[in-house]
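Protein chains in written order, with the working numbering: chain H, 1474 to 1626; chain S, 1474 to 1626; chain G, 1474 to 1626; chain B, 1474 to 1626.
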């Protein structure tokens, strides 16, 4: 009747992941960013916006993370699927009010054993640079990142 | 960094809760109903509609359950608060697109130790009768119901 | 003035179709899925989500089934039309808020005489695997599946 | 042509205000909360949700803060006006999609000279307790709180 669920992100861990990601962008001289860390069910734990980032960035960052969790893939796999199945992703887009943003910069956060604990989305610079900052944030707390690379997904 | 989460509803348990609730309505000669069982994050596990129930019932049942989980109270406590704070609930209503339906018939599902595992919403007959069927569904799988009664909430 | 409607899906039949589809996915080692069984008017009778499936799956499954009923074709015929007439499906998409998801995995449920009784949508694995589970669910209750194959549609 | 803006909240200050507020709730044994700190334009700098808080709390916290900034008053003044002018607030409610939540727990953040730098909203316990945690967060960074008390507003 019940199943064991071993681990869950706390808000302090989530805030540390998000702030590390934003500080990484600053240190690398990238454009100012927003970072959204969501729990495994897609609900926010920590959303931070660099005060110099433009104001849609938190929504975009949230959409990147939420899309990964809602579909079960990292952003790079979502991007490949959106390119292969445009009509499907057009429908998803309307169905969810744009909650699924299928580009790099959305990254699943996994435990050492591969369990999905949540996801992070970054937005502000290029998708590749967004993802780079996401990875630094996840590494800072010793968890595993799943970007949706072919060998992983 | 992580916290233990001990138990989770399966879809088979959820389907049994929902179908028991609908069968109870039939046995009691009540109006045909819909039942929605959601996990603790508000996502559906089992939504069933008696084929004789009117077609908005699944949405209403889902809103009753989702409101309980989103706010953290059983439906009777939500109903009391909506009466005491109408402007607050008007805003919640618009903010969530009507996802919070603050009436009896939404019931939190708790483990023996009080952990929230999910919620059920029923819709079709009076709120009191809806709740009665929800309680039968939860009892059938040996879990605890939290309707938002004053002594509980 | 009235017309006899000889057959109608009950919620218990719908729940059996949906749970068989989800169990099939488990037995075949496929990704966890959600299944939505709708009546011929497009209203839900049974929506089940495997507790391991990602949270957008019930909406996508519902969209696949609803598209079949709303347009009158199985998912494979919808997919062909979406490819041939992208502007038309863009408009349908906006018009319906993404309720029509034109891919395989949406299947009309027909009686032995060909009457449309409802539809099922599956989502979680590839479209082909989704459809395979849908067919198992329909077969388990002795009804006919219409996937939108050229010879059928 | 330009005006000096002497002070602005940074995301690190905003995150410190929000996390102090959530930690205060824990230390006082209150219900788990969400906190939203917005800049003076109403855009998020830091939104944190205690992992034990129910999932609508971030939206409600954001609505409390956004209402204060959008109307120019602390939450207590908004609550008085909502009670005195229900039809006006019904219209505001529909106009903004529920973004203005007129209750205590939304607090303007002012500089020493009274300039509005942003706002914080808290949600999770009673409105009075929500506000108490907001005040602790603002005090922790040496800024001024404006709750909308009569002598202030």
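Ideal Cβ placement from N, Cα and C applies to all residues, glycine included.
Note that this is a predicted model, so its numbers are computed, not measured.
Burial state of residue i (16 or more Cβ within 10 Å)
i, result
"residue 1619 of chain S", "buried"
"residue 1583 of chain G", "buried"
"residue 1529 of chain S", "exposed"
"residue 1500 of chain B", "exposed"
"residue 1567 of chain G", "exposed"
"residue 1506 of chain S", "buried"
"residue 1558 of chain G", "exposed"
"residue 1607 of chain G", "buried"
"residue 1561 of chain B", "exposed"
Residue i versus residue j - alpha carbon distance
i, j, result
"residue 1612 of chain G", "residue 1486 of chain G", "12 Å"
"residue 1622 of chain B", "residue 1556 of chain B", "15 Å"
"residue 1626 of chain H", "residue 1550 of chain H", "Because residue 1626 of chain H sits at a pLDDT of 37, beneath the cut-off of 50, its placement in the model cannot be relied upon, and the following sentence gives the value as read from the coordinates. Using only the alpha carbons, I get a separation of about 7 Å."
"residue 1517 of chain G", "residue 1509 of chain G", "7 Å"
"residue 1502 of chain S", "residue 1599 of chain S", "13 Å"
"residue 1690 of chain H", "residue 1601 of chain H", "Absent from the structure is residue 1690 of chain H, since the part of chain H shown begins at 1474 and ends at 1626."
"residue 1527 of chain S", "residue 1596 of chain S", "10 Å"
"residue 1522 of chain B", "residue 1498 of chain B", "12 Å"
"residue 1492 of chain B", "residue 1609 of chain S", "42 Å"
"residue 1512 of chain B", "residue 1542 of chain G", "47 Å"
"residue 1533 of chain H", "residue 1603 of chain S", "40 Å"
"residue 1524 of chain G", "residue 1615 of chain G", "27 Å"
"residue 1484 of chain G", "residue 1540 of chain S", "25 Å"
"residue 1585 of chain B", "residue 1579 of chain S", "47 Å"
"residue 1553 of chain G", "residue 1545 of chain B", "54 Å"
"residue 1589 of chain H", "residue 1565 of chain B", "40 Å"
"residue 1482 of chain B", "residue 1495 of chain H", "15 Å"
"residue 1569 of chain G", "residue 1563 of chain G", "10 Å"
"residue 1548 of chain G", "residue 1538 of chain G", "8 Å"
Candidates the options: closest to residue i by CA position
i, options, result
"residue 1489 of chain B", "H:1504, H:1604, H:1519 and H:1500", "H:1519"
"residue 1571 of chain S", "S:1484, S:1603, S:1536 and S:1548", "S:1536"
"residue 1605 of chain B", "B:1504, B:1539, B:1524 and B:1483", "B:1504"
"residue 1514 of chain S", "H:1558, H:1617, H:1533 and H:1591", "H:1591"
"residue 1594 of chain G", "G:1569, G:1576 and G:1482", "G:1576"
"residue 1531 of chain S", "S:1574, S:1565 and S:1589", "S:1574"
"residue 1587 of chain S", "S:1617, S:1563 and S:1569", "S:1617"
Chain G within 8 Å of residue i, Cβ atoms only
i, result
"residue 1497 of chain S", "no"
"residue 1595 of chain S", "no"
"residue 1543 of chain H", "yes"
"residue 1551 of chain H", "no"
"residue 1568 of chain H", "yes"
Interface flag, residue i vs chain S, CB-CB below 8 Å
i, result
"residue 1494 of chain H", "no"
"residue 1507 of chain H", "no"
"residue 1584 of chain B", "no"
"residue 1571 of chain B", "yes"
"residue 1662 of chain B", "Nothing can be reported for residue 1662 of chain B, as the shown portion of chain B is limited to 1474 through 1626."
"residue 1491 of chain H", "no"
"residue 1482 of chain G", "yes"
"residue 1614 of chain B", "no"
"residue 1607 of chain B", "no"
"residue 1576 of chain B", "yes"
Any C-beta of chain H under 8 Å from that of residue i
i, result
"residue 1589 of chain B", "no"
"residue 1580 of chain G", "no"
"residue 1620 of chain G", "no"
"residue 1536 of chain G", "yes"
"residue 1517 of chain G", "no"
"residue 1532 of chain G", "yes"
"residue 1514 of chain B", "yes"
"residue 1557 of chain G", "no"
Below-8 Å beta-carbon distance, residue i vs any chain B residue
i, result
"residue 1524 of chain H", "yes"
"residue 1521 of chain H", "yes"
"residue 1488 of chain H", "yes"
"residue 1560 of chain S", "yes"
"residue 1547 of chain S", "no"
CB contact check: residue i to chain D, cutoff 8 Å
i, result
"residue 1565 of chain S", "Checking the listed chains, one finds no chain D in this structure; the protein chains it contains are H, S, G and B."
* Asked: Enumerated in chain order, which unbroken segments of the alpha helix (DSSP H) with a length of 4 residues or greater are wholly contained in the segment 1479-1561 of chain B?
  -> 1484-1500, 1530-1544 and 1548-1557
* Give, in chain order, every unbroken run of the beta strand (DSSP E) that is at least 3 residues long and sits entirely within the segment 1578-1612 of chain B. => 1579-1583 and 1589-1596
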